[in-house]
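Working notes, structure below.
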Amino acid sequence: MAKKAMIEREKKRERLVAKYAAKRAELKAIVNDESKPMEERFRASLKLAKLPRNSSAVRLHNRCQLTGRPHAYYRKLKISRIALRDLGSAGQIPGMVKSSW
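Here the sequence shown is numbered in our numbering, starting from 9 and rising by one per residue.
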């Protein structure tokens, strides 16, 4: 059950990142623009800090869409090596032939 929860948590983070991407980019541009007055940059920094923590793209992590495993993740397939091996052994991936695993 925990695996499914991690997958759902990651999907929620992806939605939040997409929702706040423009707002975060706008505020970061103000914060990094040294031609702006210090007070305005500080206000933008405070607004950026008030946004949800999970709306930052840095919080996203690649996870297997089947098992929720964060390691040994194939980006093109969006699954882990273990899930790939299981699907290959079951004959569910066209063109994949079981070698000596």
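Yeah, the Cβ is synthetic: ideal placement off N, Cα and C, and Gly gets one too.
All figures in this text were calculated on a predicted structure; none of them were measured in a lab.
1. Mapping DSSP to helix, strand and coil, what is Ser88?
2. Run through the stretch 18-70 for me and flag every whole alpha helix (DSSP H) of 4 or more residues, listed as ranges in chain order.
3. Just checking my contact of Val39 with Ala52 at CB under 8 Å: how many whole Å lie between their CB atoms?
4. If we count the other Cβ atoms within 10 Å of its Cβ and call it buried at 16 or more, is Ser88 buried or exposed?
5. Within the same chain, show all residues whose beta-carbon is closer than 6 Å to that of Gly76, passing over the 5 residues directly before and after it, in chain order.
6. Going by Cα to Cα distance, which pick from Tyr82, Arg49, Val25 and Lys36 is closest to Asn62?
7. Using beta-carbon positions only, say whether Ala18 and Arg71 come within less than 7 Å of one another.
Taking the geometry as given:
1. If you number the sequence shown from 1, residue 88 lands on position 80. DSSP places Ser88 in strand when its eight states are reduced to three.
2. 46-58
3. Looking up residue 39 in the sequence shown gives position 31. Looking up residue 52 in the sequence shown gives position 44. In this structure, Val39 and Ala52 form a Cβ contact; the two beta carbons are roughly 5 Å apart against a cut-off of 8 Å.
4. The sequence position of residue 88 within the sequence shown is 80, counting from 1. So Ser88 counts as buried.
5. As a first step, residue 76 is located in the sequence shown; it is residue number 68 there, counting from the start. Counting only Cβ-Cβ distances below 6 Å, and skipping sequence neighbours, we find Lys11, Met14 and Ile15.
6. Numbered from its first residue, the sequence shown carries residue 62 at position 54. Cα-wise, what sits closest to Asn62 is Val25.
7. What you label residue 18 is simply residue 10 of the sequence shown in a count that begins at 1. What you label residue 71 is simply residue 63 of the sequence shown in a count that begins at 1. Reading off the sequence, residue 18 comes out as Glu, not Ala. Their beta carbons are under 7 Å apart, which means Glu18 touches Arg71 by this criterion.
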